[in-house]
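These notes are about the structure you will find just below.
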Amino acid sequence: MKAKAAVQPKKSFFAAYKGMDRIILLIGYICLGLFALIIIIPMLYIVIASFMDPVTLQNSGITFDFSKWTLTAYQRVLSNKQIWTGFGNAVLYSVLYTVISVGITLLAAYPMSRKDLKGRGFFNVFFMITMFFGGGLIPTYLLISNMGMLDSMWAVILPGAFSVWNMIIARTYYQGIPAELKEAASIDGANEIIFYFKIMLPVCAPIIAVLSMWQFVGMWNSYFDAMIYLNSESKQPLQLVLRAILIQSQPQPGMISDMQSTAARAQLGELLKYATIIISSIPLLVMYPFFQKYFDAGIMVGSVKG
423 MKAKAAVQPK KSFFAAYKGM DRIILLIGYI CLGLFALIII IPMLYIVIAS FMDPVTLQNS
483 GITFDFSKWT LTAYQRVLSN KQIWTGFGNA VLYSVLYTVI SVGITLLAAY PMSRKDLKGR
543 GFFNVFFMIT MFFGGGLIPT YLLISNMGML DSMWAVILPG AFSVWNMIIA RTYYQGIPAE
603 LKEAASIDGA NEIIFYFKIM LPVCAPIIAV LSMWQFVGMW NSYFDAMIYL NSESKQPLQL
663 VLRAILIQSQ PQPGMISDMQ STAARAQLGE LLKYATIIIS SIPLLVMYPF FQKYFDAGIM
723 VGSVKG
């Protein structure tokens, strides 16, 4: 009978490194761990604090005695009409802004990636200038006013729809696509439009996902443009409602109006801040895992053979 082969012990991850490399790697992991704790601990605090009784939270701080927990903050936030109106506006603005911005960026980046584009150097300089110089707030406000876009969602969506930085990133991605794809499409009789929409865009799924994520998060977290250009409460996004609650400490009417005590109103107002933070973060937490797989995807690997 053949003797059974001895089972080799599995080597640890650090066994592949020696000396100074192992020390540097260990320091790197420690720094990443500390960085993760800096992010995770405040998030856990906000989540737990949003469920706690406001009196207990103010007097004793965080506790894991579930008898001291309550859903009061979420009940009051979710029952407020302005919160839902702002939430719907924020979703609408973010989706439209993402679609328009990514579409314009990709269409502008494609010709800029072509070396045979006449005047390519001029357009590069023109775009770069806009990254460092702008008209300023007052001229921009006057322009939007003269165009009749004040107090409309287009005043929030259109002015910042084109990002030169995103265009440069998309242009660089285009330039990394093998020229053999274009040659093969030309041999098959595809013109520029067919090549771009049926070949280029499917290949560019990772960069489209990344740009979409950036633009959606940017618009979702933005409130300054809406504060300047929107006057109607029915058109205000969620960020303006949260600003009133978080910064100005002005919860919406009806959320704490039944609280007679000034101290009780202040305590519940503090609790509402944590609940609104959690509710406003849910869309980003839900959508991020669906985009994460594209961030490091090597979709071009194996797309061209021979």
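Per this note's numbering, the sequence shown starts with residue 423, numbered consecutively.
All C-beta atoms, glycine included, are put in the ideal place defined by N, C-alpha and C.
Since we're looking at a predicted model, the values are computed, not measured.
| query | result |
| --- | --- |
| DSSP three-state assignment for M553, whether helix, strand or coil | helix |
| Contact under 8 angstroms by Cβ, M534 with K657 | no |
| Local conformation of M571 per DSSP, three classes | coil |
| Burial state of M589 (16 or more Cβ within 10 Å) | buried |
| Nonlocal neighbours in the same chain, by C-beta distance under 8 angstroms from L572, ignoring five residues either side | I566, Y651 and N653 |
| Supposed contact pair L633 and T552 - C-beta distance, whole angstroms, cut 8 angstroms | Going by Cβ atoms, the distance from T552 to L633 rounds to 18 angstroms, so no, they are not a contact pair. |
| Spatial distance of L564 from R498 (CA atoms) | 39 angstroms |
| Reference R536; option with closest CA among K620, N502 and Y596 | Y596 |
| The alpha helix (DSSP H) enclosing F617, as first and last residue numbers | E614 to F617 |
| Close-in-space but distant-in-sequence residues of the same chain around D647 (CB under 6 angstroms, 5 per side omitted) | V578 |
| Three CB pairs or more closer than 8 angstroms across the segment 464-475 and the segment 483-500 | yes |
| With 16 other Cβ atoms within 10 Å as the buried cut-off, status of L664 | buried |
| Stretch-stretch touch, CB-based, cutoff 8 angstroms, three pairs: the segment 621-637 with the segment 480-487 | no |
| Pair within 8 angstroms by beta-carbon distance, S523 and Q637 | yes |
| Exposure of I500, with buried meaning 16 or more beta-carbon neighbours within 10 Å | The residue asked about is misnamed: residue 500 is Leu in this sequence, not Ile. Exposed, since its Cβ has fewer than 16 Cβ neighbours within 10 Å. |
| Closest residue to I530 among Y519, V517, D538 and F545 (Cα-Cα distance) | Per the sequence shown, the amino acid found at residue 530 is Ala instead of Ile. Of the candidates Y519, V517, D538 and F545, the one whose C-alpha sits nearest the C-alpha of A530 is F545. |
| Residue interval of the alpha helix (DSSP H) (run including E602) | A601 to I609 |
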